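Mapping the sequence shown onto my numbering, position 308 (from 1) lands on 322, and the numbers just tick up by one. Here's the structure we're looking at; comments come further down.
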Amino acid sequence: MKPILKHTAFTLLLSAVTLSACKQQFLDLAPQGVYKESDLLSKKGIDGFLIDAYATLDGNLSANFLGLSGTYNWIWGSIAGGDAYKGGTNFTDQSEINQVMQYATPTTNSQLLARWNGIFDGIGRANIVLQELAKTTDPALTDALKKQVAAEARFLRAFHHFEGKKIFGNIPFVDEKATDYKIPNTDASGNYLNIWPQLETDFKFAYDNLDEVKTGKGRVNKWTAGAYLAKAYLYQNKFAEAKALFDVIIGQGKTSQGIKLDLTTSFGENFRIATQNSKEAMLEVQSAIGDGASDNTNGFREAILCYPNGIAGGTNSWFYRPSQNLVNAFRTDENGLPLLDTYNDVDVTSNETVPDASPFTPYAGNLDPRLDHTVGRRGIPYLDWGLMSGLAFTAPPGESITNGGPFTGKKHVFSSTEYSSGQVVRASFGIASALNYDLMRFADVLLMAAECEVEVGSLDKAREYVNRVRARAAASPIKTIDGTANAAKYVVNPYTTAWASQAVARQAVRFERRIELGMEGHRFFDLVRWGIADQVINSEYLPKESVRRSLALGGGVKFTKNKSEYQPIPDYAITQSFVGGQPTLKQNPGY
């Protein structure tokens with residue numbers, strides 16, 4: 015059982031605590047299974063509120079019955095960023111995701127509203143912790159413990175606001191003092207508010223006050239809070255401030271279990287149940303099954319549509335399919351270095367037009383082994399399920415390959431060993447597993463620090479950080495089924511020659527982020543904060559993909575600069591924000 019469970023027994027009906035007095039004595043009996051607010055103002059009760067706030071990291075099933083309202087961001091970060099396509103039984107299956115993929119999300123999109131609700135549910139639950147903490151008089155909650163609780167809650171509040179900034183851009187900041195939740199996202203002159211200062215304040219409070227070591231796996235500690243503060247600086251191009259903080263974290267940082275932060279020995283360790291909560295994990299969403307939760311809702315549910323058909327003895331529909339563009343990014347040159355400018359000139363061989371019964375030869379050129387930890391390819395072992403055999407492995411009969419392509423994802427898919435050991439179950443709809451997923455890991459920190467070093471002019475330090483990540487990649491080959499050889503021609507080496515310019519260094523660091531963090535929900539947000547989303551998507555991604563995936567990405571699909579960087583604020587949120595006949599939320603530009 016995981017130390018932090020996602021859905022607890024605290025079904026808090028606080029609106030019911032002010033029950034009217036009744037004359038009949040039997041009506042004065044406290045109803046069973048309902049807590050009064052006063053019953054929860056204890057150390058145990060406050061911890062229950064805090065666990066409930068952590069639960070929002072994987073979304074809210076009531077926001078979307080598929081569980082797609084949480085922080086995995088496979089839709090908003092990876093599909094929107096060109097790392098993946100949306101598959102499905104046919105093109106109209108889950109059509110709301112098509113709209114995101116095509117940079118044409120309407121304000122009425124149901125997935126959009128689910129993600130908005132998931133974010134503000136997280137903010138609201140963090141604020142409840144702070145509200146209830148201020149009321150408690152339990153002596154077991156010492157001032158020191160109260161500060162820890164407040165710091166965790168404020169971190170979670172800032173984290174969800176950060177998610178809102180990344181996806182929607184212009185959102186209001188909601189704190190625990192709010193009584194009217196129709197809070198504007200503009201000032202008196204109609205200009206969008208800048209809420210970065212409030213995020214920084216919350217993250218800094220958490221960094222300054224959290225302990226290094228926490229009692230439960232999955233709890234946020236000092237160093238994770240510091241890393242998110244540095245990330246917030248990075249998103250605002252405050253490179254010197256971010257660098258100073260990353261320097262301390264890389265030098266002194268520990269996991270919440272007190273282990274010195276470092277890269278795992280093998281890249282694949284980050285994605286297995288037996289090795290999760292490792293020395294690389296900085297913020298990892300905890301999953302558990304078989305813990306008594308109804309329908310295993312504490313399991314990893316956000317990947318419910320993200321499993322290939324060839325595993326787990328049932329029919330699975332793989333909606334989250336790696337793009338050819340991402341696959342090509344893992345090609346390397348004769349020196350084992352990325353093909354920064356020409357990676358997409360040649361395609362890594364796919365079996366899209368090769369029948370399953372026909373022979374197929376996988377790509378024979380140089381590759382980074384992180385490809386085969388990230389993507390399933392025909393002829394290469396798929397974890398321990400055996401060789402990925404063909405299109406039927408990708409999707410069940412009748413499902414269209416034309417819009418989703420022939421590749422499958424791997425990073426957040428359970429192994430056969432994990433499945434057979436009872437750590438994966440079929441829920442009422444789809445699959446739930448005990449597999450965690452990382453929202454931030456130490457490799458991410460190293461590469462963000464490398465960005466800062468480039469921007470302040472320390473190119474050799476940036477190269478050192480990138481080479482540290484590349485060395486781990488080189489030590490992580492996928493083996494053949496019998497374990498006697500590498501499954502492909504893996505050639506990865508460090509950058510041994512100094513980068514010729516800041517522009518070259520910047521390109522190399524950004525490229526390394528893509529191949530290290532592929533299919534982890536970061537790509538689109540990186541492109542936007544770098545200010546190159548329109549250039550990469552319209553000039554590098556869509557020209558070939560609109561032909562290859564004509565049904566999904568043809569017909570004039572394009573990224574519109576100064577609009578597509580952010581999703582629209584959901585129409586429902588705006589209509590519910592009216593005060594005095596006017597909305598308090600102003601729609602994003604272009605929508």
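In this text, a Cβ means the ideal position worked out from N, Cα and C, and glycines have one as well. Values in this document were obtained by computation on a predicted structure and should not be read as measured data.
Residue i (DSSP reduced to helix, strand or coil)
| i | result |
| --- | --- |
| LYS274 | strand |
| LYS600 | coil |
| PHE169 | helix |
| GLY412 | coil |
| PRO211 | helix |
| THR589 | helix |
| ALA476 | helix |
| SER447 | strand |
| ARG455 | strand |
| THR422 | strand |
| PRO17 | Reliability fails at PRO17, whose pLDDT of 45 lies under 50, so the model's placement of it is uncertain and the value that follows must be treated cautiously. Coil. |
| TYR396 | coil |
| ASN223 | helix |
| ALA514 | coil |
| PRO2 | Since the displayed the chain opens at 15 and closes at 605, residue 2 lies outside it and no answer follows. |
| LEU567 | helix |
| ARG129 | helix |
| ARG315 | coil |
| TYR433 | helix |
| TYR206 | strand |
| LEU381 | strand |
Proximity of residue i and residue j at Cβ, strictly below 7 Å
| i | j | result |
| --- | --- | --- |
| ALA406 | ASP355 | no |
| ALA519 | ALA476 | yes |
| PRO322 | THR408 | yes |
| SER56 | ASP152 | yes |
| ASP135 | ARG168 | no |
| ARG528 | ALA288 | no |
| ALA487 | PHE281 | yes |
| ALA254 | ALA244 | no |
| ASP540 | THR122 | no |
| ALA246 | LEU297 | no |
| ALA587 | TRP130 | yes |
| ALA566 | TYR99 | yes |
| TRP399 | ILE325 | yes |
| LEU71 | VAL299 | yes |
| PHE525 | PRO352 | yes |
| GLY102 | ASN339 | no |
| TYR117 | PHE573 | yes |
| ILE185 | ASN205 | no |
| ALA94 | VAL114 | yes |
Expected contact under 8 Å - CB spacing of residue i and residue j to nearest Å
| i | j | result |
| --- | --- | --- |
| ASN235 | SER270 | 4 Å |
| ASP276 | LYS293 | 5 Å |
| ILE197 | THR598 | 7 Å |
| TYR479 | GLU467 | 7 Å |
| ASN602 | PRO582 | 6 Å |
| PRO395 | ILE495 | 6 Å |
Residue environment, residue i, which counts as buried when at least 16 other CB atoms sit within 10 Å
| i | result |
| --- | --- |
| ILE111 | buried |
| SER83 | buried |
| ILE590 | The displayed chain sequence assigns Gln, not Ile, to residue 590. Under this definition GLN590 is an exposed residue. |
| ALA502 | buried |
| ASP157 | exposed |
| THR85 | buried |
| GLY267 | buried |
| LYS493 | exposed |
| PRO383 | buried |
| PHE592 | exposed |
| ALA317 | buried |
| ASN208 | exposed |
| ASP309 | exposed |
| PRO491 | buried |
| ARG440 | exposed |
| ALA154 | exposed |
| GLY569 | exposed |
Boundaries (first-last residue) of the alpha helix (DSSP H) holding residue i
| i | result |
| --- | --- |
| MET402 | Where MET402 is concerned, there is no enclosing alpha helix (DSSP H), given that its DSSP letter is neither H nor E. |
| VAL542 | 537 to 544 |
| GLY499 | Residue identity check: residue 499 is Ala in the sequence provided, not Gly. Careful: ALA499 lies outside any alpha helix (DSSP H) and carries neither H nor E. |
| TYR99 | No alpha helix (DSSP H) contains TYR99, which is instead part of the beta strand (DSSP E) from 98 to 100. |
| ASP66 | 57 to 68 |
| ASP386 | 384 to 388 |
Delimiting residues of the beta strand (DSSP E) encompassing residue i
| i | result |
| --- | --- |
| TYR334 | 334 to 336 |
| TYR249 | Element bounds for TYR249: not the beta strand (DSSP E) but the alpha helix (DSSP H), 236 to 249. |
| MET296 | 295 to 299 |
| LYS196 | Segment: none, LYS196 is in no beta strand (DSSP E) and carries neither H nor E. |
| ARG440 | 438 to 440 |
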